[in-house]
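Participant: All residue numbers for the sequence shown refer to my numbering, where the first residue is 26 and numbers rise by one. Cβ atoms here follow ideal geometry from the backbone N, Cα and C, with glycine treated the same way. Please read these numbers as outputs of a predicted model, since none were measured by experiment.
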Amino acid sequence: MMHMNRYVSMVALSVLISIQKIPAQSRSENLVIVTLDGMRWQEIFGGADSALLSNKNFTRDSAGTRLKFWNDDIGKRRKNLFPFLWSTVAGQGQLYGNRWLGNDVNNANRYKFSYPGYNEIFTGYPDTAVNSNDTVLNKNINVLEFINKQAGFKNNVAAFTTWEVFPYILNKWRSNLYINSDKDTLPYTNEKFRLIDNIQSLTTRPIGVRPDILTYIAAREYMKEMKPRVLYIAFDETDDLAHAGMYDQYLESAHAEDRMLEDLWTYIQSAPQYKNKTTLMVTCDHGRGDNPKENWQHHGEKIFDAGQIWIAAIGPDTSPAGEMKNKGLLYQEQLAATFAKVLGFTFEANHPVAPPIESIYKK
Ligand SMILES: [Zn+2]
26 MMHMNRYVSM VALSVLISIQ KIPAQSRSEN LVIVTLDGMR WQEIFGGADS
76 ALLSNKNFTR DSAGTRLKFW NDDIGKRRKN LFPFLWSTVA GQGQLYGNRW
126 LGNDVNNANR YKFSYPGYNE IFTGYPDTAV NSNDTVLNKN INVLEFINKQ
176 AGFKNNVAAF TTWEVFPYIL NKWRSNLYIN SDKDTLPYTN EKFRLIDNIQ
226 SLTTRPIGVR PDILTYIAAR EYMKEMKPRV LYIAFDETDD LAHAGMYDQY
276 LESAHAEDRM LEDLWTYIQS APQYKNKTTL MVTCDHGRGD NPKENWQHHG
326 EKIFDAGQIW IAAIGPDTSP AGEMKNKGLL YQEQLAATFA KVLGFTFEAN
376 HPVAPPIESI YKK
């Protein structure tokens with residue numbers, strides 16, 4: 026019943042709209058998904074937080090960090106932190122989740138931590154039985170394995186993750202997806218792949234897993250070699266650095282991940298297989314607290330505002346609406362069906378699936 030109530034008005038509205046609209050054909054042939062673990066919407070839409078910047082417990086070098094990321098103007102401030110999101114995506118794509126404007130995106134799961142969040146993103150089902158971060162095989166069918174079974178997509182779906190629990194979340198033993206996680210080496214040997222594997226085996230591991238930059242470079246070079254039609258990249262550093270209370274480092278990682286997104290989009294728009302035929306979607310598994318301010322470090326069931334998230338999208342089927350300013354409420358569970366719809370499929374599974382977000386794939 027919860028499920029019906031959450032979407033009944035939206036369905037009624039979309040029936041009305043669809044009467045006046047010729048159904049649009051999906052033009053996206055490829056899909057790239059990136060997640061920034063525990064990245065708050067407050068920084069996405071507001072840039073660096075002045076209270077956290079001036080708090081010596083969280084920011085060791087306030088002056089230096091301010092110099093890099095602060096601006097009195099909120100538009101310039103958020104662009105200092107996320108130049109790609111606030112130039113290319115804001116100009117040609119869409120950004121959901123600015124709650125100061127009433128544009129809300131929420132976790133539907135009540136746990137507000139990683140495994141339940143990633144399960145919700147990829148299965149479209151906030152299963153209450155998925156409630157720990159342990160290495161438990163996920164029983165729920167995910168949209169990546171669904172796409173991997175469609176004509177033209179078999180063995181064309183790959184995931185690169187920093188966190189070592191993803192093979193369980195995406196159940197690689199059942200889904201047969203190519204998943205490269207933490208210490209995994211690349212699938213075959215050439216000089217370039219050998220170098221990446223070598224750096225990965227010799228690097229420091231400040232947060233106990235490989236640095237996000239190695240997840241990114243492995244994914245990018247795999248993309249160039251293997252040309253997957255669906256690629257998922259899961260970054261991790263923002264969450265770990267926030268738990269550690271290092272606000273300056275959390276900002277640095279967020280900024281570096283934005284630059285990786287820009288680098289990725291530049292490659293996508295330069296390669297004939299991907300150019301103007303690829304949708305990029307970016308989101309997070311959960312938010313973090315903000316009230317009281319010290320709760321920025323934390324998330325989970327007891328942090329009431331940690332279920333507040335955000336979504337960014339850019340691609341040939343996504344209208345250039347920029348920052349979404351309409352009053353609205355979306356849920357993380359809608360992403361799975363949206364990923365499928367972007368490629369022209371309707372995601373079905375062994376569990377309920379929430380409806381897709383039409384405004385992302387219908388121009
Ligand atoms: Zn966490």
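(1) By alpha-carbon positions, which one of Tyr247, Met271, Thr229, Gly71 ends up nearest to Tyr213?
(2) Residues in its own chain within less than 7 Å of Ile382 by CB, not counting five upstream and five downstream?
(3) Reducing DSSP to helix, strand and coil, say where Phe191 ends up.
(4) Check each candidate in Leu239, Arg254, Met251 and name the one with the smallest Cα separation from Asp261.
(5) Taking DSSP as the reference, what is the three-state secondary structure of Ser344?
(6) Quick one: Cα of Phe370 to Cα of Arg85, how far?
(7) I need the DSSP call for Asn158, collapsed to helix, strand or coil.
(8) Under the rule that 16 or more other beta-carbon atoms within 10 Å means buried, what is Phe107, buried or exposed?
(9) What is the DSSP secondary structure of Asn144, reduced to helix, strand or coil?
(10) Could you give the DSSP three-state label for Gly369: helix, strand or coil?
(11) Report the rounded CA-to-CA distance for Met271 versus Trp66, giving the unit in angstroms.
(12) Could you give the first and the last residue of the continuous beta strand (DSSP E) run that contains Met349?
(13) Please report the residue range of the alpha helix (DSSP H) in which Ser75 lies.
(14) Pop quiz: Thr187 and Asp222 are said to be a contact at Cβ under 8 Å. What is the actual Cβ separation, rounded to whole angstroms?
(15) Can you give me the Cβ contacts of Asn181 inside the same chain, cut-off strictly under 6 Å, excluding the 5 residues immediately before and after it?
(16) Using only the alpha-carbon positions, how far apart do Glu68 and Leu211 sit?
(17) If distances are taken between C-alpha atoms only, which option among Glu145, Trp335, Asn316 comes closest to Lys327?
(18) By the 10 Å Cβ neighbour count, where 16 or more other Cβ atoms means buried, how is Gly122 classified, buried or exposed?
(19) What residues match up with Gln322 in a beta bridge as DSSP calls it?
(20) Inspect the beta-carbon positions of Tyr143 and Ile194 and report whether they are closer than 9 Å.
(21) Do Phe218 and ligand 1 come close, with the Cβ less than 8 Å from some heavy atom?
(22) What residue range is occupied by the uninterrupted alpha helix (DSSP H) comprising Leu286?
(23) If Gly63 and Asp264 are in contact, beta carbons under 8 Å, what's the gap, nearest whole angstrom?
(24) Using the Cα positions of Asn165 and Asn196, report the straight-line distance between them to the nearest angstrom.
(25) For Ala259, verify whether its CB is less than 8 Å away from any heavy atom of ligand 1.
(26) For the putative contact between Met349 and Gln175, defined by C-beta atoms under 8 Å, what is the C-beta separation to the nearest angstrom?
(27) Return no unless some Cβ of chain B is closer than 9 Å to the Cβ of Trp95.
(28) Indicate, with yes or no, if ligand 1 has a heavy atom lying under 8 Å from the CB of Gly332.
(29) Just to confirm my understanding: we take Lys302, look at its own chain, exclude 5 residues before and 5 after, and list those with CB closer than 8 Å. What are they?
(30) Alpha carbon to alpha carbon, how far is Ile99 from Gly177?
(31) Rounded C-beta distance between Lys352 and Asn128? I'm assuming under 8 Å.
Facilitator: The relevant details are as follows:
(1) Residue numbering aside, residue 213 sits at position 188 when the sequence shown is read from its first letter. For Tyr213, the nearest C-alpha among the options comes from Tyr247.
(2) In the sequence shown, residue 382 corresponds to position 357, counting from 1. Spatial neighbours of Ile382 in its own chain (CB-CB distance under 7 Å, excluding positions within 5 residues in sequence) are listed in chain order as Leu355, Gln359, Thr363.
(3) Position 166 of the sequence shown holds residue 191. DSSP places Phe191 within a helical segment (H, G or I) once states are collapsed to three.
(4) For this step, residue 261 is matched to residue 236 along the sequence shown. When each option's Cα is compared against that of Asp261, the closest is Leu239.
(5) As a first step, residue 344 must be located in the sequence shown, where it is residue number 319. DSSP places Ser344 in coil when its eight states are reduced to three.
(6) Within the sequence shown, numbered from 1, the residue matching residue 370 stands at position 345. Within the sequence shown, numbered from 1, the residue matching residue 85 stands at position 60. Cα-Cα distance, rounded: 49 Å.
(7) Along the sequence shown, one-based indexing puts residue 158 at 133. It is coil, neither helix nor strand.
(8) Numbered from its first residue, the sequence shown carries residue 107 at position 82. Around the beta carbon of Phe107, a 10 Å sphere encloses 16 or more other beta carbons of the protein chains shown; the residue is thus reported as buried.
(9) Position 119 of the sequence shown, counting from 1, holds the residue named residue 144. Three-state DSSP puts Asn144 in a helix.
(10) Position 344 of the sequence shown, counting from 1, holds the residue named residue 369. Three-state result, Gly369: coil.
(11) Position 246 of the sequence shown, counted from the start, is the residue given in the question as residue 271. Position 41 of the sequence shown, counted from the start, is the residue given in the question as residue 66. If I take the Cα positions, the gap works out to 17 Å.
(12) Here residue 349 corresponds to residue number 324 of the sequence shown, with the count starting at 1. It is not in any beta strand (DSSP E) - Met349 carries neither H nor E in the DSSP assignment.
(13) Locating residue 75 in the sequence shown gives position 50, counting from the first residue. Secondary structure note for Ser75: its alpha helix (DSSP H) is the uninterrupted segment 75 to 78.
(14) Residue mapping note: residue 187 aligns to position 162 of the sequence shown, counting from 1. Residue mapping note: residue 222 aligns to position 197 of the sequence shown, counting from 1. With a Cβ gap of about 15 Å, Thr187 and Asp222 do not count as contacting.
(15) Along the sequence shown, read from residue 1 onward, the residue named residue 181 stands at position 156. For Asn181, where only same-chain residues beyond five positions count, the Cβ hits under 6 Å are Pro253, Arg254.
(16) Along the sequence shown, read from residue 1 onward, the residue named residue 68 stands at position 43. Along the sequence shown, read from residue 1 onward, the residue named residue 211 stands at position 186. Using only the alpha carbons, I get a separation of about 34 Å.
(17) One-based indexing of the sequence shown puts residue 327 at position 302. Check the Cα spacing between Lys327 and each of Glu145, Trp335, Asn316: the tightest is with Asn316.
(18) Here residue 122 refers to the residue found at position 97 when the sequence shown is read from its first residue. Looking at its Cβ environment, which holds 16 or more other Cβ atoms inside 10 Å, Gly122 is buried.
(19) To locate residue 322, count along the sequence shown from 1; it is residue 297. None; Gln322 has no bridge partner.
(20) Residue numbering aside, residue 143 sits at position 118 when the sequence shown is read from its first letter. Residue numbering aside, residue 194 sits at position 169 when the sequence shown is read from its first letter. In this structure, Tyr143 lies near Ile194, with their beta-carbon atoms less than 9 Å apart.
(21) Taking the sequence shown and counting its residues from 1, the one referred to as residue 218 is at position 193. Phe218: no, Cβ never under 8 Å from ligand 1.
(22) Your numbering for residue 286 matches position 261 in the sequence shown. Counting along the chain, the alpha helix (DSSP H) containing Leu286 begins and ends at 272 to 293.
(23) Along the sequence shown, one-based indexing puts residue 63 at 38. Along the sequence shown, one-based indexing puts residue 264 at 239. About 3 Å; that satisfies the 8 Å criterion.
(24) The count along the sequence shown starts at 1 and reaches residue 165 at position 140. The count along the sequence shown starts at 1 and reaches residue 196 at position 171. Going by the C-alpha atoms only, they are around 9 Å apart.
(25) Locating residue 259 in the sequence shown gives position 234, where the first residue counts as 1. Ala259 Cβ: outside cutoff for every heavy atom of ligand 1.
(26) Along the sequence shown, read from residue 1 onward, the residue named residue 349 stands at position 324. Along the sequence shown, read from residue 1 onward, the residue named residue 175 stands at position 150. With a contact defined as Cβ atoms closer than 8 Å, Met349 and Gln175 miss out at about 29 Å.
(27) Structure shown: chain B not included; a single protein chain is present.
(28) As a first step, residue 332 must be located in the sequence shown, where it is residue number 307. Exclusion of Gly332 from the 8 Å shell around ligand 1 follows from its C-beta lying no nearer than that to any non-hydrogen atom of the ligand.
(29) Position 277 of the sequence shown, counted from the start, is the residue given in the question as residue 302. Same-chain partners within the cutoff: Arg52, Ser53, Glu54, Asn55, Pro341.
(30) Taking the sequence shown and counting its residues from 1, one reaches residue 99 at position 74. Taking the sequence shown and counting its residues from 1, one reaches residue 177 at position 152. Spanning the alpha carbons of Ile99 and Gly177 requires a straight line of approximately 44 Å.
(31) Residue mapping note: residue 352 aligns to position 327 of the sequence shown, counting from 1. Residue mapping note: residue 128 aligns to position 103 of the sequence shown, counting from 1. Their Cβ separation, rounded to whole angstroms, is 7 Å, which keeps Lys352 and Asn128 in contact under 8 Å.
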